[in-house]
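Peer 1:
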Amino acid sequence: MTTPSPATDTRSTDGVVRDVEAGRRDALLPAPQVQNHAANLTVLPDGSLGCVWFAGTQEGVPDISVWFSRLAPDADAWSEPVQLSDDPTRSEQNPVLHVTNTETVWLLWTSQHAGNQDTARVMRRISADGGRTWGEAHTLLPETDAGGVFVRQPVVALPTGRLLLPVFHCVRIEGRKWVGDRDYSSVMISDDHGDSWREVTVPGSVGCVHMNIGRLAGGTLVALYRSRWADSIYRSVSTDDGDTWTEPEATELPNNNSSIQFVVLPGDRLALVFNESSAANATARRTSLYDEIDDDGLADGVPEQADPELEPLDDGDSRSAFWGAPRAPMTLAMSEDGGRTWPVRRDIEIGDGYCLSNNSRDGLNREYSYPSITAGNDGRLHVAFTRFRQAIEYVELDQAWVADGGRS
Numbered sequence: 001m002t003t004p005s006p007a008t009d010t011r012s013t014d015g016v017v018r019d020v021e022a023g024r025r026d027a028l029l030p031a032p033q034v035q036n037h038a039a040n041l042t043v044l045p046d047g048s049l050g051c052v053w054f055a056g057t058q059e060g061v062p063d064i065s066v067w068f069s070r071l072a073p074d075a076d077a078w079s080e081p082v083q084l085s086d087d088p089t090r091s092e093q094n095p096v097l098h099v100t101n102t103e104t105v106w107l108l109w110t111s112q113h114a115g116n117q118d119t120a121r122v123m124r125r126i127s128a129d130g131g132r133t134w135g136e137a138h139t140l141l142p143e144t145d146a147g148g149v150f151v152r153q154p155v156v157a158l159p160t161g162r163l164l165l166p167v168f169h170c171v172r173i174e175g176r177k178w179v180g181d182r183d184y185s186s187v188m189i190s191d192d193h194g195d196s197w198r199e200v201t202v203p204g205s206v207g208c209v210h211m212n213i214g215r216l217a218g219g220t221l222v223a224l225y226r227s228r229w230a231d232s233i234y235r236s237v238s239t240d241d242g243d244t245w246t247e248p249e250a251t252e253l254p255n256n257n258s259s260i261q262f263v264v265l266p267g268d269r270l271a272l273v274f275n276e277s278s279a280a281n282a283t284a285r286r287t288s289l290y291d292e293i294d295d296d297g298l299a300d301g302v303p304e305q306a307d308p309e310l311e312p313l314d315d316g317d318s319r320s321a322f323w324g325a326p327r328a329p330m331t332l333a334m335s336e337d338g339g340r341t342w343p344v345r346r347d348i349e350i351g352d353g354y355c356l357s358n359n360s361r362d363g364l365n366r367e368y369s370y371p372s373i374t375a376g377n378d379g380r381l382h383v384a385f386t387r388f389r390q391a392i393e394y395v396e397l398d399q400a401w402v403a404d405g406g407r408s
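The sequence shown: position 364 = 364 (UniProt numbering), numbered continuously.
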């Protein structure tokens with residue numbers, strides 16, 4: 001495959017929210033660093049939208065840290081980002097916000113040694129004033145003997161007060177650099193407001209990560225997963241507040257080994273944002289998530305765009321993680337049966353989704369990826385995602401936009 005020319009984008013990263021078409025408004029958040037990726041949205045105690053993401057020179061290197069911006073109620077622009085983490089020895093990734101009460105907000109993120117997700121731990125800072133000031137960083141979930149612990153999706157608070165924190169384990173394999181071949185999902189459960197946690201492993205979840213949980217009105221918990229195999233979005237359920245889970249099963253939707261997220265709307269409708277793409281759409285393949293990172297945590301070069309053809313592991317499973325499937329289009333899908341079928345879909349952004357390089361300095365990447373979605377009290381949907389790994393794109397949609405342009 002020919003290396004493309006740098007991706008260009010004439011839109012301003014000024015944070016201003018502008019009308020694009022009927023029922024849709026967009027903005028590009030201010031970009032504090034050359035690479036900006038993995039946004040997560042939440043509604044803050046004062047009604048503002050909060051967005052966190054990671055930024056630096058390149059994912060996996062030690063200058064990657066967490067940044068935060070907010071869109072105040074009735075404001076027409078996102079605030080200038082502020083940096084919320086700063087460990088010069090680790091790459092700090094996948095931030096998540098969680099509102100616990102009228103003023104308290106948690107910030108969670110992962111912290112890993114250069115390029116090695118099997119060394120990750122989960123960190124936390126707490127704000128007692130709605131995200132204006134923050135306490136000291138501390139370890140919430142440490143690295144385990146088996147490998148790293150990663151987060152990507154929001155904490156779910158149940159009516160009982162129970163907290164569910166979906167995590168995935170980046171399994172360490174002796175003699176091999178981590179590529180994600182044996183990652184699996186678990187749910188951390190707290191019944192004491194987060195003071196202590198116990199783990200429930202999702203059975204049969206090897207290859208299913210980024211577990212995203214939503215609660216239906218009757219109490220059933222639905223989980224959707226990213227697939228390391230880049231084949232399909234997977235689904236499982238729990239009917240006992242997360243104590244047990246069914247094995248994940250493939251849905252009708254494709255997945256490209258990239259993140260997804262959904263929100264439960266009134267009437268148990270699910271709104272999902274994802275890339276409608278899979279390995280079947282790929283014309284080339286990366287060897288791993290990361291471009292080459294040396295022992296000092298510095299990145300250089302573009303990886304080989306081919307299957308590494310590693311020997312199967314001795315556990316009898318010959319599957320390996322697939323990296324490099326296109327990360328586009330960015331699609332919104334709707335389900336009215338708990339995520340079993342998705343008859344309505346509409347593309348938010350389209351493109352070729354080139355992502356065979358993780359290097360934003362050369363501007364080659366054209367992915368729309370790692371979406372986050374939340375809903376306002378007025379029914380509008382708020383979506384944020386990575387644009388070309390250079391900026392975070394924010395899109396506000398009303399229900400008419402979805403219904404008028406949906407395809408089935």
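All C-beta atoms, glycine included, are put in the ideal place defined by N, C-alpha and C.
Bear in mind that the values here come from a model prediction, so they are computed numbers and not experimental data.
1) Just confirm the distance between the C-beta atoms of residue 186 and residue 202, as a whole number of angstroms; I'd bet it's less than 8 angstroms.
2) Terminal residues of the continuous beta strand (DSSP E) containing residue 81?
3) Going by C-alpha distance, which of 212, 233, 131, 138 is nearest residue 102?
4) Name the two residues that bound the continuous beta strand (DSSP E) containing residue 19.
5) Could you compute how far the alpha carbon of residue 182 sits from the alpha carbon of residue 171?
6) Under the three-state reduction of DSSP, which class applies to residue 402: helix, strand or coil?
7) Go through the stretch 189-256 residue by residue and report every complete run of the alpha helix (DSSP H) that reaches 4 residues or more, in order.
8) Quick one, are the C-beta atoms of residue 272 and residue 262 less than 8 angstroms apart?
9) Alpha carbon to alpha carbon, what distance is there between residue 264 and residue 338?
10) Check the C-beta distance from residue 349 over to residue 330 and give it rounded, since I have them as a contact under 8 angstroms.
11) Pull up the DSSP beta-bridge partners for residue 166, would you.
12) Using 8 angstroms as the threshold, is the C-beta distance between residue 86 and residue 65 below it?
13) Cα separation between residue 392 and residue 372?
14) Quick one: complete beta strand (DSSP E) runs, 3+ long, within the stretch 135-179?
15) Tell me whether the stretch 50-70 and the stretch 143-156 touch, counting them as touching only if at least three CB pairs, one residue from each stretch, are closer than 8 angstroms.
16) How far does the beta strand (DSSP E) with residue 35 in it reach, from first residue to last?
17) With distance defined between alpha-carbon atoms, name the residue in 396, 176, 245, 159 nearest to residue 447.
18) Give the DSSP-derived three-state secondary structure of residue 281 in the structure shown.
19) Helix, strand or coil, according to DSSP, for residue 304 in the structure here?
20) Taking the C-alpha atoms as reference points, what is the distance between residue 95 and residue 318?
21) Specify whether the stretch 43-61 and the stretch 356-369 touch according to this definition: at least 3 beta carbon pairs, one from each stretch, less than 8 angstroms apart.
22) If we ignore side chains and look at the alpha-carbon of each, how far apart do residue 1 and residue 284 end up?
23) By the three-class DSSP mapping on this structure, what secondary structure does residue 339 have?
24) Buried or exposed: which applies to residue 306, given that a residue is buried once 16 or more other Cβ atoms fall within 10 Å of its Cβ?
25) State the Cα-Cα distance for the pair residue 63 and residue 336, rounded to the nearest angstrom.
26) In the structure shown, what three-state DSSP assignment does residue 268 receive?
27) Assuming contact is defined by CB atoms lying nearer than 8 angstroms, are residue 241 and residue 165 in contact in what I supplied?
28) For residue 95, does the three-state DSSP call read helix, strand or coil?
29) Flag this pair as yes or no: are the beta carbons of residue 81 and residue 48 separated by less than 8 angstroms?
30) Output needed for residue 249: all residues of its chain with C-beta closer than 8 angstroms, excluding positions within five of it in sequence on either side, in chain order.
31) Output the distance between the C-alpha atoms of residue 14 and residue 219, rounded to the nearest integer angstrom.
32) Within 10 angstroms of the Cβ of residue 11, are there 16 or more other Cβ atoms? Answer buried if so, exposed if not.
33) Hey, residue 134 and residue 84: beta-carbon distance below 8 angstroms or not?
34) Rounded to the nearest angstrom, what separates residue 29 and residue 277 at their Cα positions?
35) Here's a check: name, in chain order, each residue in its chain whose Cβ is nearer than 6 angstroms to the Cβ of residue 211, leaving out the five neighbours to either side.
36) Where DSSP assigns a beta bridge to residue 374, which residues make up the other side?
Peer 2: The short version:
1) Taking C-beta atoms under 8 angstroms as the contact rule, residue 186 and residue 202 qualify, at a distance of about 6 angstroms.
2) For residue 81, no beta strand (DSSP E) run applies, since DSSP gives it neither H nor E.
3) With distances taken between Cα atoms, residue 102 lies closest to 131.
4) For residue 19, the enclosing beta strand (DSSP E) stretches over residues 18-21.
5) Cα to Cα, the separation comes out at about 6 angstroms.
6) Residue 402: helix per DSSP, three-state reduction.
7) Counting only runs of 4 or more, we get nothing.
8) Yes, they are a contact pair.
9) The alpha-carbon atoms of residue 338 and residue 264 are separated by roughly 9 angstroms.
10) Confirmed, about 4 angstroms.
11) Per DSSP, 187.
12) Remark: C-beta atoms of residue 86 and residue 65 approach each other more closely than 8 angstroms.
13) Looking at the two C-alpha atoms, the distance is approximately 11 angstroms.
14) Every unbroken stretch of the beta strand (DSSP E) spanning 3 or more residues and falling wholly within the stretch 135-179 is given here in chain order: 138-141, 147-150, 163-171.
15) Put simply, the stretch 50-70 does not touch the stretch 143-156. Fewer than three CB pairs are less than 8 angstroms apart.
16) Counting along the chain, the beta strand (DSSP E) containing residue 35 begins and ends at 35-43.
17) Shown here, the chain extends from 1 to 408; a query on residue 447 therefore has no answer.
18) When secondary structure is reduced to three states using DSSP, residue 281 falls in the helix class.
19) Below a pLDDT of 50, predicted positions are generally treated as unreliable, and residue 304, at 38, falls in that range; the measurement from the model is reported next regardless. Note: residue 304 maps to coil in three-state DSSP.
20) Each residue's CA atom was taken as its position, placing residue 95 and residue 318 some 32 angstroms apart.
21) Taking a cut-off of 8 angstroms for Cβ pairs, the stretch 43-61 and the stretch 356-369 touch, as three or more such pairs fall below it.
22) Because the pLDDT of residue 1 is 39, which lies under 50, any placement of that residue in the model is unreliable, and the number read from its coordinates should be weighed accordingly. Using only the alpha carbons, I get a separation of about 7 angstroms.
23) It is coil, neither helix nor strand.
24) In this prediction, residue 306 has a pLDDT of 37, which is less than 50 and means its spatial position is unreliable; what the coordinates show is noted afterwards. Label assigned to residue 306: exposed.
25) The C-alpha of residue 63 lies about 43 angstroms from the C-alpha of residue 336.
26) Here residue 268 sits in helix by DSSP.
27) Cβ atoms of residue 241 and residue 165: not closer than 8 angstroms.
28) DSSP places residue 95 in the strand class (E or B) of the three-state scheme.
29) No, the Cβ-Cβ distance between residue 81 and residue 48 is not below 8 angstroms.
30) Around residue 249: 234, 235, 236.
31) When only Cα atoms are considered, residue 14 and residue 219 end up about 42 angstroms apart.
32) With fewer than 16 other Cβ atoms within 10 Å, it is exposed.
33) It is a contact, given that the beta carbons lie within the stated cut-off.
34) Residue 29 and residue 277 have their alpha carbons spaced roughly 26 angstroms apart.
35) Contacts found: 166, 185, 223, 225.
36) In DSSP, residue 374 forms a bridge with 382.
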